[in-house]
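Student:
Numbering (the UniProt record's numbering), first residue to last: 1 to 84.
1) Compare the C-alpha of residue 19 against each of 69, 71, 52, 42 and name the closest.
2) Using only the alpha-carbon positions, how far apart do residue 25 and residue 13 sit?
3) Among the residues of its own chain, which have a CB less than 7 Å from the CB of residue 4, if the five just before and after it don't count?
4) Give the DSSP-derived three-state secondary structure of residue 48 in the structure shown.
5) CB-CB under 6 Å to residue 47, same chain, minus the five flanking residues each way: which ones, in chain order?
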């Protein structure tokens, strides 16, 4: 957390140690934050198969909503269901 307290930029980004950022990954996230600075945004995560090392890209067709439970589990909601 020391890095967060010493940060001087407008946005702080956290990446897990297993994350590999691909070209262009940050611009869509920053655009959402610019629309509403109170947003917490997460990218869609591509995957690499542990057995074959095959890279699979996530669909980039739209925006989803991710919620967190009290046990810190994640639950995706389609945008149409948001607010229900």
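C-beta atoms are modelled at their ideal positions from N, C-alpha and C, and glycine is treated no differently.
All of these numbers come straight from a predicted model, not from anything done at the bench.
Tutor: In this structure, then:
1) The candidate whose alpha carbon is nearest that of residue 19 is 42.
2) Cα to Cα, the separation comes out at about 12 Å.
3) The answer, listed in chain order, is 12.
4) Strand.
5) Excluding sequence neighbours, residue 47 sits near 56.
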